[in-house]
Structure formats: C-alpha cells, structure tokens
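Notes to accompany the following structure.
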Amino acid sequence: MTHTEVVQTLARRLDISQRQAHDLLKDTVSLLTETLSEEKGVTIPDLGTFGTHIRQQHKAYNPSYKGLIILPTKRVVSFHPGTGLKGDLSDVEVME
Amino acid sequence: MTEKITFDAFVDKLAARTEVSKRRAHDFLKELAVAIDMGLVRDGKVRIAHFGTFLLHRIGDTTGRNPQTGESIVIPAHNRVLFHPAQALEKKVNREYNHMKATPVRGQGIPPDTQPPSEPEEPTMPVEEQPPAPPGPTRPLPIRTIAIVGAAVVAVVVIALLVFRGGEEEEAAPPTEVVEEEVAPPAPVEEPAIAPTEELVEEPVTVPEPPTLAPREEPPLQAVEGMPAKVHAVKRGDTLWDLAEIYYGRADFWPLIYRANQPLLRNPDLVMVGIDIIIPMLEGSPQALTKEDSTNLAKGYELAYQAYQRLGKPDAEDYLRSSRWYE
C-alpha cells in the first residue's frame, strides 16, 4: 500500500477531504520524527510503540572489501508492533 | 528506549500543529493504525513517505524450548510486523553520530600475499573485464598543483612583507596576485571551493620559513625498491593524474607515483611546484601488469585511501576498494 492509498483510505474512513488527510498524515509524520529525534518514544494504540536506542559500535563483514569493518555507534529507530496489528495478521499469508 | 511521551500528549501536539480538534486528531491516529493494518493484510507492505515502511515478515514454524520444563515445543508459524525507517527519519534520529563512518579493520581483509584466493575470483566476474575502470579512480582527480616554491609563495612572501610594512598603496597589489592564483586552477571542477582553503592553510605555514626547500634533496634518496624510475620536475598545473597519463598512458595509475614519493607528498591532491617527483617505471606494461605492478598499485591506492581518510574526503573508501581490486 502506497502513501497515496493510505491517504485515500483515511479520507474515506474519516469522511474528510484527501487534502486534510494528507496534511494530518504529514503532521503526524513530522511530529513522530521530532519526538524520535528528541530521543523519546511514543505508543500509538493498536499500531505499536516507536522508540530509539543506541546500537553500539560493532564489527561486521563487508563483502566488497572482503574484510571486517567497524560500524560506528548509531542511534536507531525501534518499532514494536501493538497487539492490534499482530493479532489481525497472524494468519495472513505473506507473499514473498 | 529511554523516555516516552504519552499518547494523550502526542494527540495534543498533533491537534495544535494541524489546528484540528483533539477529538479529530485522536480519531485520525486510530484510523491510521487501522489503515496500516488493512494495508498490511492486503499487500504485506505499507509505505509512509519520509517516515518508513511497515512490512509483514513471515516466520515459519520454529522449535523452541519451554524454559521451565526444558521441553521442546514447536512455535507455530506467524507473521511479524517490521518497520524500516526512511532515510530521512534515520538521519534525523542519528544526527548525533551521523559524522561517524564505517572503517575497515586493519589486517582483516584478504592480505596481499594470499594471491591464490583473489585470483580465482577474477574469472568469476569477467563482466568487469575493463580493469582500467575500478570504482574509485575512474573519476578524474583534480589534483591541484600549488605554487609553494614557485611564484605564488614568492608573491605571498612579498605580500606578507608589504602588509607587514603597513603600506597602503601596496595593499592594492595583493588582490591582483590572489586573482591570479584563483585563475590558475581551471581544471578542478569538483572542489574548487576546497582547494583555495587548502591553499590558505598551506601557505601561511610555509611563508614564515622558506628554508623548507631543504627536503627537496631527500626524495631522490628515497629508495624506489629497485624499480627503474624517472624524475619529473613539477611545473605549475601538473597533477599526479596528468603525470600518470603522460608516463603510463593510464591516469588511474597515479597512486604509483603517489606512493613512490611518499614522505614528500601527503595530500594526493596537492603537489608542490618545483619539487622533483619520482616516476616509478612499470615492470610490465600498462596493458599487462606484472604481479609486482599490481601489488604496488594496491599499496598506492591504500595509501591514497589513508590520506583521503585523514583529509576527511567522503569517497575515501572508493580508493580502498580499488586497492583490493589490484590485490
């Protein structure tokens, strides 16, 4: 499902214009981004929990150098799906 | 995860930002969850621009163990929702560490002496039969020749002296000199902005002590490992890239020259006018490199990589890749 389709779905279900749905989604994304950039997490009910954590420096194999490289410390986004999502999806076939 | 803000606080912020009622913002977020859920069920994938992608990942039956009884149990197949943050989000979240780059572990790659393993690999990728174009060196290097011993330094010394004397008339002179220097590098298209700053950094250092001409005697003494070599007196406008083109017919062999003049040349993009540069000759020919030539090229590229990394050049790793290529 693409971004546009998400907007369309939201507009239909909330009975608002696509423009409004688009703006709301855009603001949600920027607000989430800001929250995460401030190293804070947030839980959206039924969707899941967004947060960040530090991934420590570690070594990994890089095939193009044929050798180990040291990957630097990085702050990464973590997502834990909420039960609302998980429950619905457990018996959906994934097409790989 | 450290701290969290509550959903209510999030709704408040969203309502304030979009200028809608809290009720509406709340409903919107709830519906967003539903929409993403629907999308996952339908496509197994939902993309939100500039935020990320929600992905359904199938996990097959796995055997687990009940930690209390130690008994083996089968964990039935199920799906897991993954989230891949978009690059924009990743960068913003990681801004504290964005400047850090991956670095190779010393001595971890294939050491140069283990030739056998690297050779059989070449036939496996005959598509890349154009060895002339390993990743890094294909891009012409705007190696700047900087007049340190030559006219520019003389000019700068003169300028410096004039400025020190505080003559007002003389101060009119410097601009013309500076202009001349800036006109000098017509070739570099890539980083004309950086080169002038290097110039500025470099010159004040040399100006106070012109006796630095002394090291000029050293390079010829530097052993070139028995290879026959030529000597080239650097003229204004010379670059390692050009010299390699002239002497080998292959501009991308410039690291050979760079390596042969090692203690003297630090920055591969900076060659001083007036110094004598050693041009090592190839054992084979540019079309048919001997093993020795390849090794030297690999070492040259590695040195170039180290130098560029020191200088913080973003594509430094390309040179390491080239080095591996010639190994």
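Residue numbers (numbering that gives the first Met the number 0), protein chains in the order written: chain H, 0 to 95; chain L, 0 to 326.
Glycine included, C-beta positions come from ideal geometry on N, C-alpha and C.
None of the values given here were measured: they were computed from a predicted structure.
Quick one: list the residues of chain L neighbouring residue i, beta-carbon separation under 7 Å, in chain order.
i: THR82 of chain H; result: The premise fails here: THR82 of chain H is roughly 11 Å from chain L at the closest Cβ pair, so nothing lies under 7 Å.
So which residues of chain H does residue i contact, with C-beta pairs closer than 9 Å?
i: THR1 of chain L; result: GLU38, LYS39, GLY40, GLY50, THR51 and HIS52
i: ALA101 of chain L; result: ALA59, ASN61, ILE68, ILE69, LEU70 and PRO71
i: ALA287 of chain L; result: What ALA287 of chain L touches in chain H: nothing, since even the nearest Cβ is about 24 Å away.
i: ALA303 of chain L; result: Ordered by position in chain H, no residue passes the 9 Å Cβ test against ALA303 of chain L, which lies about 15 Å from the chain.
Would you please verify whether the beta carbon of residue i is less than 8 Å from any beta carbon of chain L?
i: ASP14 of chain H; result: no
i: ARG74 of chain H; result: yes
Any idea which residues DSSP pairs residue i with across the strands?
i: HIS25 of chain L; result: For HIS25 of chain L, which the question treats as bridged, DSSP gives no partner whatsoever.
i: LEU77 of chain H; result: The identity of residue 77 of chain H in the sequence shown is Ser, whereas the question assumes Leu. According to DSSP, SER77 of chain H bridges with H:GLY50.
i: PRO84 of chain L; result: L:GLY51
i: ASP45 of chain H; result: Answer by DSSP bridge pairing: none, since ASP45 of chain H is not bridged.
i: HIS231 of chain L; result: L:ILE276
i: GLU18 of chain L; result: Its beta-bridge partners do not exist; DSSP assigns none.
i: ARG94 of chain L; result: In the DSSP output, where bridge partners are listed per residue, ARG94 of chain L has none listed.
i: LYS39 of chain H; result: L:GLU2
i: PRO103 of chain L; result: H:ILE68
i: ASN78 of chain L; result: L:ARG57
i: ARG46 of chain L; result: L:THR52
Start and end of the beta strand (DSSP E) containing residue i?
i: GLY299 of chain L; result: Premise fails: GLY299 of chain L lies in the alpha helix (DSSP H), 290–309, not in any beta strand (DSSP E).
i: LEU70 of chain H; result: 66–70
i: ALA59 of chain H; result: 57–61
i: ARG265 of chain L; result: Neither: ARG265 of chain L is in no beta strand (DSSP E) and is coded neither H nor E.
i: VAL73 of chain L; result: 71–74
i: ARG64 of chain L; result: 61–64
Of all the CB atoms in chain H, is at least one closer than 8 Å to the CB of residue i?
i: LEU28 of chain L; result: yes
i: LYS298 of chain L; result: no
i: ASP11 of chain L; result: no
i: ARG309 of chain L; result: no
i: VAL328 of chain L; result: Past the edges of chain L, shown from 0 to 326, lies residue 328 of chain L, and the structure says nothing about it.
i: TYR325 of chain L; result: no
i: PRO49 of chain L; result: It is His, not Pro, that sits at residue 49 of chain L in the sequence shown. Yes, contact with chain H.
i: GLY273 of chain L; result: no
i: GLU89 of chain L; result: yes
i: PHE6 of chain L; result: yes
i: LEU242 of chain L; result: no
i: LEU319 of chain L; result: yes
i: GLY248 of chain L; result: no
i: LYS21 of chain L; result: no
i: PRO254 of chain L; result: no
i: PRO313 of chain L; result: no
i: ALA132 of chain L; result: Model confidence at ALA132 of chain L stands at a pLDDT of 40, short of 50, so the residue's coordinates are unreliable; what they give is reported in the following sentence. Output row for ALA132 of chain L: interface = no.
i: ASN93 of chain L; result: yes
i: LEU31 of chain L; result: yes
i: ILE276 of chain L; result: no
i: ALA34 of chain L; result: yes
i: ARG46 of chain L; result: yes
i: VAL233 of chain L; result: no
i: VAL331 of chain L; result: No statement about residue 331 of chain L is possible, as the shown extent of chain L runs from 0 to 326 and does not include it.
List the residues of chain H that residue i touches, going by C-beta distances under 8 Å, in chain order.
i: TYR96 of chain L; result: PRO71, THR72, LYS73 and ARG74
i: ARG41 of chain L; result: MET0
i: GLY38 of chain L; result: MET0, GLU4, VAL5 and THR8
i: LEU263 of chain L; result: The premise fails here: LEU263 of chain L is roughly 29 Å from chain H at the closest Cβ pair, so nothing lies under 8 Å.
Which bits of chain H does residue i rub up against, with CB to CB less than 7 Å?
i: ARG16 of chain L; result: ASP26 and LEU30
i: PRO84 of chain L; result: VAL76
Over the uninterrupted alpha helix (DSSP H) stretch that includes residue i, give me the two end residues.
i: SER322 of chain L; result: 315–325
i: ARG12 of chain H; result: 2–13
i: ASP251 of chain L; result: Segment: none, ASP251 of chain L is in no alpha helix (DSSP H) and carries neither H nor E.
Below 8 Å, how does it come out for the segment 22–35 of chain L and the segment 55–62 of chain L: are there three or more Cβ pairs, yes or no? no
Assess, as a yes-or-no matter, whether the segment 16–27 of chain H is touched by the segment 69–76 of chain L under the definition of 3 or more beta carbon pairs within less than 8 Å. no
Is the number of C-beta pairs between the segment 264–283 of chain L and the segment 228–238 of chain L that are closer than 8 Å three or more? yes
So, do the segment 41–54 of chain L and the segment 54–62 of chain H have three or more beta carbon pairs nearer to each other than 8 Å? Two segments are said to touch when three or more pairs of C-beta atoms, one from each, lie closer than 8 Å; by this definition the segment 41–54 of chain L does not touch the segment 54–62 of chain H.
Under 8 Å, with one C-beta from each stretch per pair, do the segment 292–312 of chain L and the segment 250–268 of chain L reach the 3-pair mark? Verdict: yes, contact present.
If contact is defined by three or more beta carbon pairs under 8 Å, each pair taking one atom from either stretch, is the segment 241–249 of chain L in contact with the segment 287–295 of chain L? no
Three or more beta-carbon pairs under 8 Å between the segment 6–14 of chain L and the segment 64–77 of chain H, yes or no? no
The segment 1–10 of chain H touching the segment 28–38 of chain L, judged by at least three CB pairs closer than 8 Å: yes
May I ask you to verify whether the segment 23–34 of chain H touches the segment 8–17 of chain L, counting CB pairs closer than 8 Å and requiring at least 3? yes
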